[in-house]
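Residues 1 to 152, numbered by UniProt numbering, are exactly what the sequence shown covers, in order.
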Amino acid sequence: MSESADHEIHSTSSTTPHEALTNTLRPLTDVFLTIRIIKSFTYRTTKNLLLPHIDATTMTVGGLKELCRAQVLVATGFKPFRTTVLDTLKLYTVAHGAKTTNLIINFDNDENWILNDDSATLASIGIENEAELSFFNRELYEAFKKDPTQSW
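Structural data, given as structure tokens:
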């Protein structure tokens, strides 16, 4: 096959990278996650931890918690977050999903979106490429839900 014929085949393809959704661009064995590390709900103190190349088919919820805690201890810019007891992961949004008006956590659907089963793999609970999760102290979260006052 000539180069021009080969080029024709590729250029007439009906799928292009621009048409693909970001959650399907990478396999479940190589997902990119954004974790919102939350120090304070009242003061909206949060910093994003970016985790490329996570294997969602083998990484468990408990494993992700440990990885995040370890990264907070060594990653640049997380020094103020190192004293926070991080014990709860909650889904914030998935790629192309609706986002909440709250900038750091989604207060909806605690029953389904708080990841309580530390032995579950991320893929088995629907976590895929470009998912965003919040990692926080559950006690502080429950207190803030009762009195959602923000301070500046």
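Using N, Cα and C, we set each Cβ at its ideal position, and we do this for glycine too.
Paired residues, beta bridge with Leu51 - DSSP: Looking at the DSSP assignment, Leu51 forms a beta bridge with Leu33.
Span separating the alpha-carbon of Thr93 from that of Asn106: If you take the alpha carbons of Thr93 and Asn106, they lie about 8 Å apart.
Thr149 to Val74 span [Cα, whole Å]: Going by the C-alpha atoms only, they are around 31 Å apart.
Identity of the residues DSSP links to Lys90 by a beta bridge: Answer is Ile114, Ser134.
Residues near Ile127 in its chain [Cβ-Cβ closer than 6 Å; skip 5 each side]: So the qualifying residues of the chain are Ala56.
Reduced DSSP category for Ile125 - H, G, I as helix; E, B as strand; rest coil: Correct three-state label for Ile125: helix.
Closest residue to Thr84 among Asp147, Tyr141, Lys146, Trp152 (Cα-Cα distance): Nearest to Thr84 by C-alpha distance, out of Asp147, Tyr141, Lys146, Trp152, is Tyr141.
Pick from Leu64, Pro52, Gln71 that is closest to Asn91, judged by C-alpha positions: Sequence check: residue 91 is Leu here, not Asn. Minimum Cα distance to Leu91 is reached at Leu64.
Among Leu28, Gly62, Glu132, nearest to Leu86 - alpha-carbon criterion: Leu86 has its Cα closest to that of Gly62, out of Leu28, Gly62, Glu132.
C-alpha distance - Ala143 paired with Phe78, whole-angstrom precision: Roughly 23 Å separates the two Cα atoms.
Closest residue to Ser40 among Met59, Phe81, Phe32 (Cα-Cα distance): Ranking Met59, Phe81, Phe32 by Cα distance to Ser40 puts Phe81 first.
Residue nearest to Thr46 in terms of C-alpha spacing, selected from His53, Ile37, Pro52: Ranking the options by Cα distance to Thr46, first place goes to Ile37.
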